[in-house]
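This report concerns only the one structure given below.
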Amino acid sequence: MKRDRVIQLVAVGLALMFFGASSLFALRLSESVSVNRLEYAVEVDKADPPEVALGIAMGAFRGLFVNMLWMRANDLKEEGKYWEAVDLADAITKLQPRFPSVWTFHAWNMAYNISVSTKTPEERWYWVQAGINLLRKGGIANNPTDLMIHKELGWIFLHKIGGFMDDANVYYKKEHAIEWTEVLGEPPPLLYTETREDAVSHYIAWLEPIAKAPRSLEALYKMYPDTKDLLQRVEEESKFKPDVDLVREYWFNHALGKSGQRDAILPQMPPEQQAIFRLVNDDSLAEAWSHALPTLRFMVLRDTYNMEVDRMIRYTRDYGPIDWRSPAAHGIYWVERGVEGALSRFQKRNEDDFDFLNTDRVKMHSIQELARSGDLYFDYLSAVLWPERRTFYVASVNPYFFASYEKAVGEVQQRSGIQEDTTKRIWTFHEAGFENFANDCIRFYYRRGQVAKAIEIKDKMGTWINQNGNDPDRPLKYAKPIDEFVVEVVRDMVSSPQVASAEVYASLQGAFLGGLATGNDETFQSGVNYARLMHRYYFEENATRNDLGDNTIRQEIYMPRDFGIVEGFAFVMTITRVDPDTAETMYGNAPDRLKKMAYDALVETFKPLYDQNESRTGASFARVFPEPQGMEEFRLEFAERSQELTGPKVNIEQR
5 MKRDRVIQLV AVGLALMFFG ASSLFALRLS ESVSVNRLEY AVEVDKADPP
55 EVALGIAMGA FRGLFVNMLW MRANDLKEEG KYWEAVDLAD AITKLQPRFP
105 SVWTFHAWNM AYNISVSTKT PEERWYWVQA GINLLRKGGI ANNPTDLMIH
155 KELGWIFLHK IGGFMDDANV YYKKEHAIEW TEVLGEPPPL LYTETREDAV
205 SHYIAWLEPI AKAPRSLEAL YKMYPDTKDL LQRVEEESKF KPDVDLVREY
255 WFNHALGKSG QRDAILPQMP PEQQAIFRLV NDDSLAEAWS HALPTLRFMV
305 LRDTYNMEVD RMIRYTRDYG PIDWRSPAAH GIYWVERGVE GALSRFQKRN
355 EDDFDFLNTD RVKMHSIQEL ARSGDLYFDY LSAVLWPERR TFYVASVNPY
405 FFASYEKAVG EVQQRSGIQE DTTKRIWTFH EAGFENFAND CIRFYYRRGQ
455 VAKAIEIKDK MGTWINQNGN DPDRPLKYAK PIDEFVVEVV RDMVSSPQVA
505 SAEVYASLQG AFLGGLATGN DETFQSGVNY ARLMHRYYFE ENATRNDLGD
555 NTIRQEIYMP RDFGIVEGFA FVMTITRVDP DTAETMYGNA PDRLKKMAYD
605 ALVETFKPLY DQNESRTGAS FARVFPEPQG MEEFRLEFAE RSQELTGPKV
655 NIEQR
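Per this note's numbering, the sequence shown runs over residues 5 to 659.
Encoded structure:
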């Protein structure tokens, strides 16, 4: 055989071998592209800006073209041409939809950089929402298992909305609470006498109608024909289509219908809103609404917010009674969703591509925030009608998340390896965080009057097997009597708004539950006096500090400056979350100032129950909870007291 023939045969053999190998690799690459959704945009939509068509036409030179767009977008932002910059950002995300950094950069740019360049809270909130929606509706839709996008989205909720570094953060929190009150309705009240398991069950039961509802309008109409007539009437008479606007408008009109202000507000409403008000509050349509709303809410969660109600229920079961009006709730949702998606792609060979450590930190901080401020008292209707009011958003401690944090620490440590292994490191981040969190729990239970529970946690932390070993004085600290231990912890952290508010609200709850509910006036007076002292000290202490920017705004994130309002709201939150017998005792032992604060809330909470059972029990609401003298004068006085934080004009047209 000639030498040339041998070379030809060898070449053919190698070609066949490489061709076969390339086929195998092509299959694996195709599978990876499909699983990870790595395709580039290859088609142009009519609504796309011209840059998208040009970028696609440039083929292999697309990368250079995108770099030019990036630089141009940054120049436009610096020039204050925000809308043009956003249009370019939209073009870039269409040209590089599978590049997570594109989405996170532009979302961060809108939520942080552009937002703080604007002048009003309304403008800032618009840009914060624009950043959130870019990730939630675009980035995650194109990269459903990417960890970075989920982490950044969770961080925006936790830090930008839930934090207090932005001067407009109070406005963000209230707008977020308004939005999620309207989308899901008000959550069940947290009853102080129920166990954590009971609270979780109540919150799951709150979401289950949405999970079990028909998942399309066609299925809804087939199962409940009366809903088709209802939604057709709504669209014909009020122009609202079955979408997010109708869901939100329903709750506003439902709340207004139950309010004593309805007769004053209705004449100011435009005809379309008066029409939807009549439909929402028509008793003959109540059953049809009860069938339609769960489906509408399911569709809104899926289509507008890219959220899954089944996942929301699962996270409620795993972490606790999550109030979705809290920004931290959405921090947990998106971070945990990202971790679950990333774990489906995680392998040893690509572990450097996944930043689980920093993502887990966002999750841990979100749980901490729910524990410190996850029990919300929010006057929804006042916030909508008088948007300038700041007083009626009160975030207090939710102890049902204490156990969730400890459980989450254990899960994160297992995933973090040596970085969180206390047998190999003298100090770890999550153990330090867990110890600080445990100290918060001890303080809270102590001030609430649950001293035995506080001692139990203190003793547990004193012998904690995973404790950090960098503090030689730690054993002595946890060996101190509970009174000395709490004083030391409070002294070190009293300037923190979370710590100060927890001290105040826990002391007031202890005064009401341990004093008024048992007839112990000494316990009641002691708790209120300590809360008043701590409240005054916090505002006086921070008045001398200049590291908080606008102190007037930031000091009042967790509690109002007026202690009378703090005490009154704490009493309302407490007395409406106990059983009727305990509420009767507390009301009977309360001073008039607290009775007046709570009376209207008691009418809404307990009067329907007493009216229903009066013929059987003989106990009327008016006899059990008599109206305090001077209520009309009190209502006027309270309105004047809040006037500086209240806009005088009803905000109907803005809706």
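Every residue gets a Cβ at the ideal spot worked out from N, C-alpha and C, and that includes glycine.
When the options are compared against residue i, the one with the closest alpha-carbon
| i | options | result |
| --- | --- | --- |
| Y409 | L139, E439, Y309 and S386 | E439 |
| E190 | A259, L224, E127 and P218 | A259 |
| V413 | P391, G437 and G264 | G437 |
| F360 | R376, V251, R341 and A375 | R341 |
| T308 | P246, Y591 and G264 | P246 |
| E212 | V10, D496, R365 and R321 | R321 |
| W255 | I182, M227, F567 and M273 | I182 |
| R252 | Y196, G24, H180 and S263 | H180 |
| P403 | T199, L68, K428 and G531 | T199 |
| K232 | L300, T197 and Q265 | L300 |
| Q454 | Q513, L99, T586 and S420 | Q513 |
| R201 | W390, Y397, G572 and G324 | Per the sequence presented here, residue 201 reads as Glu, with Arg not at that position. Selected option, being the one with the closest Cα: G324. |
| P391 | V174, L80, V16 and F625 | V174 |
| Y614 | A19, D583 and R639 | D583 |
| W328 | D286, S377, R365 and A296 | S377 |
| I153 | E637, D477, T108 and A77 | T108 |
| A296 | G531, L235 and N257 | L235 |
| V401 | R419, F448, Q418 and E415 | F448 |
| R419 | T363, P101, G622 and S530 | T363 |
| V106 | M75, Q278 and H206 | M75 |
| E571 | F23, N533 and H206 | N533 |
| E608 | N285, G523 and G261 | G261 |
For residue i: DSSP bridge partner residues
| i | result |
| --- | --- |
| V401 | Answer is none; V401 lacks a bridge partner. |
| D79 | Answer by DSSP bridge pairing: none, since D79 is not bridged. |
| L380 | A399 |
Neighbour-count burial assignment, residue i, 16 or more Cβ in a 10 Å radius
| i | result |
| --- | --- |
| W431 | exposed |
| Q372 | buried |
| A442 | buried |
| E526 | exposed |
| P275 | exposed |
| R452 | buried |
| T395 | For T395, the predicted model reports a pLDDT of 49, less than 50, meaning its position is unreliable; a value from the coordinates is still stated below. So T395 ends up on the buried side. |
| S330 | buried |
| L13 | exposed |
| V10 | exposed |
| S3 | No information on residue 3 is available, as it lies outside the stretch 5 to 659 that the chain covers here. |
| D551 | Bear in mind that a pLDDT of 44 at D551, under 50, signals an unreliable position, so the model cannot answer this. |
| G519 | buried |
| K123 | exposed |
| T149 | buried |
| R627 | exposed |
| M368 | buried |
| D496 | exposed |
| Q417 | buried |
| A217 | buried |
| R620 | exposed |
| E641 | exposed |
| V343 | buried |
Under 8 Å between C-beta atoms of residue i and residue j
| i | j | result |
| --- | --- | --- |
| S511 | E545 | no |
| R140 | L157 | yes |
| V120 | K164 | no |
| S242 | I214 | no |
| M465 | V508 | no |
| M577 | A521 | no |
| F575 | H539 | no |
| I136 | A115 | yes |
| A332 | S370 | yes |
| L99 | V70 | yes |
| I579 | L606 | yes |
| I469 | L389 | no |
| Y337 | K177 | no |
| P632 | K599 | yes |
| K457 | Y482 | no |
| H334 | F161 | yes |
C-beta neighbour in chain D for residue i, strict 8 Å
| i | result |
| --- | --- |
| E190 | The chain inventory of the structure shown lacks chain D, comprising one protein chain alone. |
Pairing CB atoms from the region 375-389 with CB atoms from the region 179-195, are three or more of them under 8 Å? In short, these stretches touch, since the Cβ pair count reaches three.
Three or more beta-carbon pairs under 8 Å between the region 374-381 and the region 487-494, yes or no? With a cut-off of 8 Å on Cβ pairs, the region 374-381 is not in contact with the region 487-494, counting fewer than three such pairs.
Taking one C-beta from the region 227-236 and one from the region 303-318 each time, how about it: are there three or more such pairs within less than 8 Å? Under the 8 Å Cβ criterion, the region 227-236 does not count as touching the region 303-318, having fewer than three qualifying pairs.
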